[in-house]
Structures are given as C-alpha cells and as structure tokens.
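Residue numbers (my numbering): 167 to 554.
The C-beta atom is built at its ideal place from N, Cα and C for all residues, glycine as well.
Remember, predicted model here, so these are calculated numbers, not experimental data.
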C-alpha cells in the first residue's frame, strides 16, 4: 500500500479526479477513479483495470494513447515516468485501500412540475358534507364536519352555553378581554327576553329564520348575537388582538433588536395601520398589496397616499446589521431579510435558503430568488445621511 499512497494516489488526484471523481460530482463516461469500487465497476465500457494485467487494462491503454477514441487525458499524453507508475501499480495487482465514497448528488435542474405535486401546494377543494346521525344538530354545513368527527369518536356535543358564558367567549375570541359586569348583565337581560332589542337590529339574508343557537325560532337571540359580534368587530380591541398575529409575522418591534439597537421612531405608525386595517375589515388582498407596494398604488387623497406609504413599513421592520461597513453586503442582507419575511408570512416557505443554492426541500431555484431580489433592490430601504 505504501507504493499506492506515495505514488499512485497523488497521480490519480492530480491527473484524473477533475473528470472522474465522485467527490467532485464528475463522472465522465460514468467512470470514477477516486475509489476502488469506481475502477472495478468501470464506466460505460466496463472495468477500467484488470488487476495484474496492465496490457489488458483500458485505463493503461487510454493514458498511453494506444486505444483509439479513449485517449486520456484529452489535453495530452502523460509523461513516461507517470505512465510507468500506473503500469507498475496495475502489474502489482492494483492494491487500493480506498473504500467507495458515499454517493454524491449531482447538480440537477430543479423539477418544478414534480414539486407542484407536493401536498401543501395542492389547491383547496370542496369536500362533500358528511352524513351525521343527528342532522338537526347545528346550523351550518361546517357544524356537520364537527359532529361527524364527534360521532366517529362516540362523543356527543356539549349542551348550549348559558348567556353569560357565551358572551365571555365572544369577548375573549374577538377582543382578548372579558366583558364588564354591566355588559354581561345587559346581555343576559336581552337574552332572557327581559329587555327589548332596537328595531334596527339586522337579520342576515343568508340565515333567514335559522338561529345561530339551537333555540330554534328565536330571532331575537339571533339578532342579539349578530349585533354583539358586529359591535366587537368594530372595536379597536379587536384590531389589537387579531392584528398582533400579523405583527408577529411582520417581525414588528419598536427598535432594531440586534446588539446595536437604535429605536425605530415611526414604527408605531405601521402598528396602528395594521390595527385599523383589521378594525375596518380591509380586504386581505388590499391589506397585502399596500404593504408590499403601497408606494406604487394609485390614490385619490393625500391621506390615502400617506396610509399606503405607512403600510410599506412591513418591508422596513426587522433586525439589521447597521454597523456593516460593506454597504453592498448590507443592502443584500436587508433584501434577504425582506424576501425571507415575505416567504414565511405569505407562502409558508423559507425563500432565504435559495440565496446561496437551489432550495434543498422546496421547488425554489436560486434564479427565482435573485429575480425577486432584483425587485427589492430597486426599493430604497436604508438611506445613508452622512455627508448631507
């Protein structure tokens, strides 16, 4: 083995691995020479070496340029001294201590169509309403799905809540806060019919006479629930509770958050915009468009223009290495953080992985990352005020 280690291995690494190394992902003619298994198995033309028989070994004939069409290396014949090293090695039986290298994945073009078949990329489909043993329970089709699961587990639904507990659940679900004692008292009075509702209480057209609870035919209770829900949806507390879920995704903070932690003096404007957007029930597509491209959207009033610009705070938030001296690197780091946030918050994908290579798990090629980065680099996120 000393002969192989001192003379043969360095020669193969210097002359052959560039085109025939599993470790480098190169196997021209499907031949690799960086393991014993590689030359024993050989390539498209069979084994490269016949141990003990240099004249019958295709590798020797190829490097001696005595096998037409297989001259190796293509750049020119090896020096005679190197040829003699290889011949002597083969004559000795080609001793080789190298074990087969682990298979190395070859760079491949990403198969986007195959990636489309992954379960999380499938479009949402309507499911048939399941059959249940108690079709009278519940009001909407969604209730049937809940009941079907309960019945499959031999469970039965709980009885309806009393008025006070029902109101508390509404408040906690929508505002995160409990109702006051006066609000509970007034709601219970209306629920029990001890007070009358205003005539202007709406009844939704799509519900007709069907109640929201199982107290069938009680339109007053149905209207009471709708009126209470509408009132809570219009409160700032609703915007604060549900807006905070988006603010978490948008990495909202009032300061930079890294070791150099300067405050973001106007971050609160974006926070308040998100709260108001939830409170006003801004359509989701507009909610997203304003944050990504609010500076490019048309507007009718200066107030609308200002709100659109505030919404783009979504792109500005997040921790940044502001002390980075390489400004080009800082720019690309900011863009990377924006792309990463966009992917996670809107697509559920870690797009940032494709900054250095095609994504290892999702169908996101590196070229798509930089196509998206090109859009974000055209946006001025940071402005250096030094020098005026």
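In whole angstroms, what is the alpha-carbon distance linking residue i and residue j?
i, j, result
"residue 527", "residue 247", "49 Å"
"residue 194", "residue 185", "6 Å"
"residue 225", "residue 173", "17 Å"
"residue 294", "residue 510", "31 Å"
"residue 321", "residue 292", "26 Å"
"residue 228", "residue 189", "22 Å"
"residue 307", "residue 296", "9 Å"
"residue 479", "residue 412", "13 Å"
"residue 468", "residue 439", "15 Å"
"residue 199", "residue 283", "38 Å"
"residue 285", "residue 277", "16 Å"
"residue 340", "residue 351", "19 Å"
"residue 399", "residue 385", "21 Å"
"residue 543", "residue 187", "39 Å"
"residue 448", "residue 459", "16 Å"
"residue 318", "residue 310", "12 Å"
Under 7 Å Cβ to Cβ from residue i, same chain only, skipping five residues before and after it: list those, please.
i, result
"residue 455", "463"
"residue 471", "465"
Measure the beta-carbon distance from residue i to residue j and round it to whole angstroms, keeping in mind my assumption that it falls under 8 Å.
i, j, result
"residue 342", "residue 407", "4 Å"
"residue 169", "residue 255", "7 Å"
"residue 489", "residue 417", "With a Cβ gap of about 19 Å, residue 489 and residue 417 do not count as contacting."
"residue 335", "residue 344", "About 10 Å separates the two Cβ atoms, so there is no contact after all."
"residue 177", "residue 251", "6 Å"
"residue 239", "residue 181", "6 Å"
"residue 445", "residue 397", "The pair is not a contact, with the Cβ atoms about 12 Å apart (cut-off 8 Å)."
"residue 457", "residue 477", "5 Å"
"residue 487", "residue 499", "6 Å"
Buried or exposed: which applies to residue i, given that a residue is buried once 16 or more other Cβ atoms fall within 10 Å of its Cβ?
i, result
"residue 443", "buried"
"residue 326", "exposed"
"residue 204", "buried"
"residue 280", "exposed"
Spatial neighbours of residue i within its chain, please: C-beta separation below 8 Å, excluding the five flanking residues on both sides.
i, result
"residue 520", "530, 531, 532, 534, 535"
"residue 516", "506, 509, 510, 525, 528"
"residue 216", "222, 223, 256"
"residue 237", "228, 231, 243"
"residue 207", "213"
"residue 330", "350, 353, 354"
Under 6 Å from any heavy atom of the ligand MN, does the C-beta of residue i make it?
i, result
"residue 485", "For the structure depicted, the ligand MN is absent and the ligand set is empty, with no information on it obtainable."
In chain order, what residues of the same chain lie with their CB nearer than 6 Å to the CB of residue i, ignoring the 5 residues before and after it?
i, result
"residue 433", "420"
"residue 441", "405, 406, 409"
Runs of alpha helix (DSSP H) lying entirely within the region 475-533, each at least 4 residues, in chain order: Taking only runs of at least 4 residues, the alpha helix (DSSP H) segments lying wholly in the region 475-533 are 479-482, 493-508.
Length at least 4, wholly inside the region 239-305: the alpha helix (DSSP H) runs in chain order: 246-257, 278-281
Every unbroken alpha helix (DSSP H) inside the region 323-367 [4 residues or more]: Positions of the alpha helix (DSSP H) runs, each at least 4 residues long and wholly inside the region 323-367, are given as 329-340, 347-357 in order along the chain.
Whole runs of the alpha helix (DSSP H) within the region 420-480, excluding any shorter than 4 residues: 433-445, 450-459, 468-477
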